[in-house]
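Just so we're aligned: 566 in my numbering is position 311 of the sequence shown, and the numbers increase by one with no gaps anywhere.
One structure below.
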Amino acid sequence: MSRKDIPNLIGKHVTTTGLQSTEWNGQVGLVVEWNDERKRFAVKMDSDGSVKLFKPYNLHYTLRTQNKKEKKLAKLVATMKLVDFENGIKLFDQLQSSEKYVHTYLKLFWLRNLWNIQAQQDRRYIPKIAAALENIIETSQFEDLVVSAKIQLAETFFSTQNLEHITELCMSCIGAHYGCLPELFCLMGQNIQVNFEIVKDLYFRAKQMIANKICSKSGLNNFIDASVNFLIFCESHDSLVNVKEECIFLRKTLELLDSSVGVNSMCIARVCMLEKNYEVALRNVQIYQESITSDRGNVDVISRCYASKVECYIKLGNKSMAKKVLQKFKRFRHLPGTNRLIVGFEKSIKNMSNANSTNQAEEAQEIRTKTQCSSHECTKVEPHVGAFKHCGRCRLKYYCSIKCQKKHWRNGHEEECQEFEN
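Set out below in structure tokens:
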């Protein structure tokens, strides 16, 4: 296995994580080499100088900041307090770091946080983040960080459904992916009808990496989610892929995830849907939805929850609940691909009978979940569903007070709201 097929950790400090043995969990050490026979990194531990072997999945790169300014910036990024884009770029430009790798890694981490949190609430961030990523791709001397930047840039193109550019970025990374093959499989899968043979090859190569734990935790999550879409496509297109056998592999892979962590629940739900276990899938979608809305508000990613719920209720023959959830999903019409799904759902619901009526338990179930205030700087979460009022125009953003609503309106929602309405 080439150095370019594994995470670029040799010569870097790492922290162990997710180990069953508590003795070595959370320990810091220096990666000295890659053991290709055992498919593990050799790490010289700081605690006693001994050399231990660890799978890449159980290692997390640890930043070693060089000066006070760098430490302060790293703290701002880690605590997600650096939300002003122009100020953030200025701080990074002013920082004279003796370690260029740390500087670039930290900047990518910051841009990832902005994309996951701010850009989901204020779409004006998207072109700014894309420009910063393109600058890293053009100027950085570190191949593994360029791959990370290309993957992040490809993710920003989802908002415009620029599938050709996504494919171009991913194809440029496949030959030297530095352990990011599961992420590339996930991205290429967005255009599976055009790239099926490539996606199929990536699936089995990424599967081998997952089995050997030569990936990150985010790579594992991406792999499971994309695998469900891939296998659904295979099932409906009479491919030579054994879907039942691959479902068994995914079910075993799920054991690596902590089921108590809400963000993992969507992966579990997707596999349950593939196995046609729709009741369990619905419960896990609800857990995932609440973990997102209570932490980040009613962001665009919640549309996935509503889409999954509609699909589950259709499969269960529950016409009443499918129609109710579909009304929530329709509020996300501004997202690429949503209108196509709405047309399909409406056609399926129209063809359903009214025989399977909604029971009392389902009637009482809340379709949406408790949400955080949509104003960027407010972290209040409603005590119960319905405590916060939504924007009367787009009905997508929720506020704890009129003050927060007015502040958010001035800070970008006026423009965003108009886009939603159009």
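Backbone N, C-alpha and C fix where the C-beta goes; we use that ideal spot for every residue, glycine too.
In three-state DSSP terms, what is N263?
Mapped onto the sequence shown, residue 263 falls at position 8. If DSSP states are grouped into helix, strand and coil, N263 belongs with coil.
Quick one: give me the first and last residue of the beta strand (DSSP E) that W289 is part of.
Here the question's residue 289 lines up with position 34 in the sequence shown. Where W289 is concerned, the enclosing beta strand (DSSP E) stretches over 283 to 290.
Counting pairs of beta carbons, one from the stretch 354 to 367 and one from the stretch 318 to 338, are three or more of them closer than 8 Å?
yes
Could you pull out every residue in the same chain whose Cβ sits closer than 7 Å to the Cβ of C203, ignoring the five residues on either side in sequence?
Nothing about residue 203 can be reported from this structure: the residues present for the chain run from 256 to 677 only.
Mind reading off the beta-carbon distance from I391 to L400? Whole number of angstroms is fine, and I expect it under 8 Å.
Translated into the one-based positions of the sequence shown, residue 391 becomes position 136. Translated into the one-based positions of the sequence shown, residue 400 becomes position 145. With 8 Å as the limit, I391 and L400 qualify as a contact, their Cβ atoms being about 7 Å apart.
Residues bridged to Q627 (per DSSP)
What you label residue 627 is simply residue 372 of the sequence shown in a count that begins at 1. Q627 pairs with V636.
Only counting the same chain, and skipping five residues up and downstream in sequence, which positions put a Cβ closer than 7 Å to that of M256?
By one-based count along the sequence shown, residue 256 stands at place 1. So the qualifying residues of the chain are D291.
With distances taken Cα to Cα, identify the nearest neighbour of F413 among Q445, K472, Y654, C470.
If you number the sequence shown from 1, residue 413 lands on position 158. It is Q445 whose Cα lies nearest to the Cα of F413.
At the level of alpha carbons, what is the spacing between K307 and S276?
Numbered from 1 along the sequence shown, position 52 holds the residue referred to as residue 307. Numbered from 1 along the sequence shown, position 21 holds the residue referred to as residue 276. If I take the Cα positions, the gap works out to 13 Å.
Using a threshold of 8 Å, state whether the C-beta atoms of S629 and H663 are closer than that.
In the sequence shown, the residue the question calls residue 629 occupies position 374. In the sequence shown, the residue the question calls residue 663 occupies position 408. Yes, the Cβ-Cβ distance between S629 and H663 is below 8 Å.
Taking K661 as the reference, which of C633, P638, E674 has the closest Cα?
Taking the sequence shown and counting its residues from 1, one reaches residue 661 at position 406. With distances taken between Cα atoms, K661 lies closest to C633.
Identify whether T270 lies in helix, strand or coil by the three-state DSSP scheme.
Within the sequence shown, numbered from 1, the residue matching residue 270 stands at position 15. Note: T270 maps to strand in three-state DSSP.
For F296, the first and last residue of its enclosing beta strand (DSSP E):
Here residue 296 refers to the residue found at position 41 of the sequence shown. Element bounds for F296: 295 to 300.
Per DSSP, what kind of secondary structure is F309 in: helix, strand or coil?
Here residue 309 refers to the residue found at position 54 when the sequence shown is read from its first residue. Note: F309 maps to strand in three-state DSSP.
Proximal residues to M521 (C-beta, below 6 Å), its chain only, five neighbours per side dropped
Indexing the sequence shown from 1 puts residue 521 at position 266. Closer than 6 Å at Cβ, skipping near neighbours: Y543.
Check whether the Cβ atoms of L318 and V357 lie closer than 8 Å to each other.
On the sequence shown, position 63 is the one that residue 318 refers to. On the sequence shown, position 102 is the one that residue 357 refers to. Their beta carbons are under 8 Å apart, which means L318 touches V357 by this criterion.
Would you call E438 buried or exposed, if buried means 16 or more other Cβ atoms sit within 10 Å of its Cβ?
Numbered from 1 along the sequence shown, position 183 holds the residue referred to as residue 438. It is buried - the Cβ of E438 has at least 16 other Cβ atoms within 10 Å.
Using CA coordinates, which residue listed in W279, M300, I503, T422 is at the minimum distance from L285?
Here residue 285 refers to the residue found at position 30 when the sequence shown is read from its first residue. Here the closest residue by C-alpha is M300.
Do I344 and A297 come within 8 Å of each other at the CB atom, strictly closer than that value?
Position 42 of the sequence shown, counted from the start, is the residue given in the question as residue 297. Position 89 of the sequence shown, counted from the start, is the residue given in the question as residue 344. Result no, Cβ atoms of A297 and I344 do not sit closer than 8 Å.
Whole-angstrom distance between K574 and S653, CA atom to CA atom:
Start at 1 with the first residue of the sequence shown, and residue 653 comes out as number 398. Start at 1 with the first residue of the sequence shown, and residue 574 comes out as number 319. According to the sequence as given, residue 653 is Tyr; it is not Ser. Near 28 Å, if we compare the C-alpha coordinates of K574 and Y653.
So is H492 buried or exposed if we call it buried at 16+ other beta carbons inside 10 Å?
If you number the sequence shown from 1, residue 492 lands on position 237. Burial call: exposed.
Beta strand (DSSP E) segment containing Y316, residue limits:
Mapped onto the sequence shown, residue 316 falls at position 61. Looking at the DSSP string, the run of the beta strand (DSSP E) that includes Y316 is 314 to 316.
For K462 and I453, I'd like the C-alpha separation in whole angstroms.
Counting from 1 along the sequence shown, the entry for residue 462 is found at position 207. Counting from 1 along the sequence shown, the entry for residue 453 is found at position 198. Whole-angstrom Cα-Cα distance: 14 Å.
Kindly indicate which three-state DSSP category K531 falls into: helix, strand or coil?
The residue given as residue 531 occupies position 276 in the sequence shown. Coil.
What residues in its chain sit with their C-beta under 6 Å from that of C678, if we drop five residues either side in the sequence?
Since the first residue shown for the chain is 256 and the last is 677, residue 678 is missing from the structure and cannot be characterised.
Measure the alpha-carbon distance for F451 versus Y458 and round it to whole angstroms.
As a first step, residue 451 is located in the sequence shown; it is residue number 196 there, counting from the start. As a first step, residue 458 is located in the sequence shown; it is residue number 203 there, counting from the start. The straight-line gap from Cα to Cα measures roughly 10 Å.
Which parts of the stretch 316 to 390 are runs of the alpha helix (DSSP H), unbroken and 4 residues or longer, counting only runs that do not cross its ends?
323 to 333, 340 to 349, 355 to 368
Judging by CA-CA distance, which residue of F504, A431, L346 is the nearest neighbour of K326?
As a first step, residue 326 is located in the sequence shown; it is residue number 71 there, counting from the start. Considering only alpha carbons, the answer is L346.
My output table needs one value for Y543: the three-state DSSP class, helix, strand or coil.
Numbered from 1 along the sequence shown, position 288 holds the residue referred to as residue 543. If DSSP states are grouped into helix, strand and coil, Y543 belongs with the helices.
Specify the secondary structure class of K658 as computed by DSSP and reduced to three states.
In the sequence shown, residue 658 corresponds to position 403, counting from 1. Of the three classes helix, strand and coil, the one that applies to K658 here is helix, per DSSP.
Along the alpha helix (DSSP H) that carries Y568, what are the first and last residues, could you check?
In the sequence shown, residue 568 corresponds to position 313, counting from 1. That run of the alpha helix (DSSP H) goes 557 to 570.
So which of E530, V518, Q541 has the shortest CA-CA distance to L505?
Mapped onto the sequence shown, residue 505 falls at position 250. Closest option to L505, Cα to Cα, is E530.
If you reduce the DSSP assignment to three classes, tell me which class Y653 lands in.
Here the question's residue 653 lines up with position 398 in the sequence shown. It is a strand residue.
Leaving aside the five residues before and after T320 along the sequence, list all residues of the same chain whose C-beta is less than 6 Å from its C-beta, in chain order.
For the purposes of this step, residue 320 is identified with residue 65 of the sequence shown, where counting begins at 1. Closer than 6 Å at the Cβ level, and outside the excluded window around T320, lie K326, A329.
Using DSSP bridges, identify the partner residues of H645.
For this step, residue 645 is matched to residue 390 along the sequence shown. In the DSSP output, where bridge partners are listed per residue, H645 has Y653.
Have a look at V636 and Q396 and give me their C-alpha separation to the nearest angstrom.
The sequence position of residue 636 within the sequence shown is 381, counting from 1. The sequence position of residue 396 within the sequence shown is 141, counting from 1. If you take the alpha carbons of V636 and Q396, they lie about 43 Å apart.
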